[in-house]
Structure formats: structure tokens, C-alpha cells
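Input: a single structure, listed below in C-alpha cells.
Below you can see the structure in the form of C-alpha cells.
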């Protein structure tokens with residue numbers, strides 16, 4: 001997985017902490033990573049529990065001048081970015097370089113909607129969380145603590161999915177035509193294929 005071209009990971013239904021720890025390790029090794037659909041990432045525990053924890057986190061501030069931090073991000077992509085920042089030893093040059101290799105997004109913006117997206121099996125909720133346990137979507141948590149763009153991202157995702165479905169149907173039709181053409185020409189190509197196979201192709 002290390003040091004290929006940038007890897008695009010679809011965060012849908014991944015556990016927050018597990019995915020972040022795997023991503024941070026890859027970032028430190030020199031891999032560029034793009035995380036999309038951060039709003040569909042999940043955290044174990046009910047929404048009420050996670051809201052309470054976030055409310056406690058929001059009370060942590062500089063006493064004399066809160067504008068100096070710590071800063072409490074409200075968008076899912078920035079929440080994920082902040083979690084990973086805490087895992088890469090960001091006060092060193094190596095950590096700063098690592099966090100510079102990371103991009104996080106809500107939804108799947110252009111050009112990543114046309115790129116192959118990967119999942120991380122070791123961080124998937126269905127693999128790691130016991131059935132019946134409660135969990136919270138990052139988008140719902142963010143919406144409850146002041147993120148204002150849940151509906152917008154949702155509508156843009158609906159449009160993207162509709163376009164992707166049209167593309168897939170065209171691709172499937174083209175593949176079927178190609179298979180049909182190959183089948184029709186199989187008799188004519190038999191001799192050619194024999195010569196090619198004899199030559200090691």
C-alpha cells in the first residue's frame with residue numbers, strides 16, 4: 001500500500017478511530033491519502049453519548065483568550081483531520097509533512113468521483129463492531145453540534161449517484177456488445193489465436 005500514487009479511501013461505514021490509526025501510519029510512511037464521504041464514517045456508542053463527549057470537549061479552551069484555541073471543528077472532514085493530526089506527532093517536521101499528505105472531504109467531490117475508491121477491511125464496522133451495538137454517524141453528530149451543510153452534501157451526493165448509475169449502465173451495455181462481438185468472431189479468430197498462443201501471447 002505504501003508510496004503508490006494517492007490512495008482514495010471511501011470512509012462510509014468505517015469506524016472512526018480504527019481508520020484514522022491505519023491512515024496515520026501510512027501517512028508517516030510517505031503515502032498520500034484522500035478520505036472521501038467523511039460524514040458517513042461511524043463512531044461506536046449512541047448519538048446521545050457522543051454528543052455528551054463532544055460537549056465536554058467544547059469546554060476545553062484557553063481561559064484568558066479562547067480565540068487562541070484549542071479549536072473545535074464542526075464539519076466531519078475537519079473532525080477526522082484533527083483526529084489524525086493527533087496521531088502523527090504533528091509538532092515535529094516529520095509529523096507536519098505527514099499531515100500535509102492528507103486530504104479529507106464530505107461527499108465525493110470532483111475529481112475523486114471518477115477515481116477508484118478503496119475500503120480498509122480492518123476498520124469496517126461490520127467486521128469490528130459487535131452486532132446490536134449502537135453507533136453514531138459522523139454527519140449526524142456534526143449536524144447536532146452546529147455543522148450547517150448536511151442537507152447540501154446529501155443533495156449533491158444524490159446527484160452524483162444518479163450520474164454514476166447512468167455511467168455504469170452505459171459501461172455494462174458496452175461490455176455486453178464487446179462480448180457479443182468476440183463471440184461472433186470466435187470462428188474467424190481461431191487460427192490467429194493458435195499462432196498467438198504458440199508465440200507465447
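Numbering (my numbering), first residue to last: 1 to 201. From the three backbone atoms N, C-alpha and C, an ideal C-beta is built for every residue, glycine too. Remember, it's a predicted structure, so these values are computed and weren't measured experimentally.
Using a threshold of 9 Å, state whether the C-beta atoms of residue 9 and residue 119 are closer than that.
Here residue 9 refers to the residue found at position 9 of the chain shown. Here residue 119 refers to the residue found at position 119 of the chain shown. Contact flag set, yes.
On a CA-only basis, which of 108, 61, 72 is nearest residue 36? Give me that one, please.
On the chain shown, residue 36 is found 36 positions in, with the first residue counted as 1. Nearest C-alpha to residue 36: 108.
Is residue 34 closer than 9 Å to residue 103 when the C-beta atoms are compared?
The count along the chain shown starts at 1 and reaches residue 103 at position 103. The count along the chain shown starts at 1 and reaches residue 34 at position 34. Result yes, Cβ atoms of residue 103 and residue 34 sit closer than 9 Å.
Judging by CA-CA distance, which residue of 15, 112, 75 is the nearest neighbour of residue 6?
Here residue 6 refers to the residue found at position 6 of the chain shown. Check the Cα spacing between residue 6 and each of 15, 112, 75: the tightest is with 112.
Taking the alpha-carbon positions, what's the residue 15 to residue 128 distance?
As a working note, residue 15 is residue 15 in the chain shown. As a working note, residue 128 is residue 128 in the chain shown. The alpha-carbon atoms of residue 15 and residue 128 are separated by roughly 8 Å.
Can you tell me the Cα-Cα spacing of residue 178 and residue 198, whole angstroms?
Within the chain shown, numbered from 1, the residue matching residue 178 stands at position 178. Within the chain shown, numbered from 1, the residue matching residue 198 stands at position 198. Roughly 25 Å between the two C-alpha positions.
Contacting residues, own chain, Cβ-Cβ under 6 Å from residue 101 (five flanking each side not counted)
By one-based count along the chain shown, residue 101 stands at place 101. If we look at residue 101 and ignore the five residues flanking it on each side, its Cβ neighbours are 27, 32.
Taking the CB atoms as reference points, tell me whether residue 152 and residue 54 lie closer together than 9 Å.
Position 152 of the chain shown, counted from the first residue, corresponds to residue 152. Position 54 of the chain shown, counted from the first residue, corresponds to residue 54. Not a contact, by the Cβ cut-off of 9 Å.
Do residue 51 and residue 205 have their beta-carbon atoms positioned less than 9 Å apart in this structure?
Because the chain spans 1 through 201 in this model, residue 205 falls outside it and cannot be assessed.
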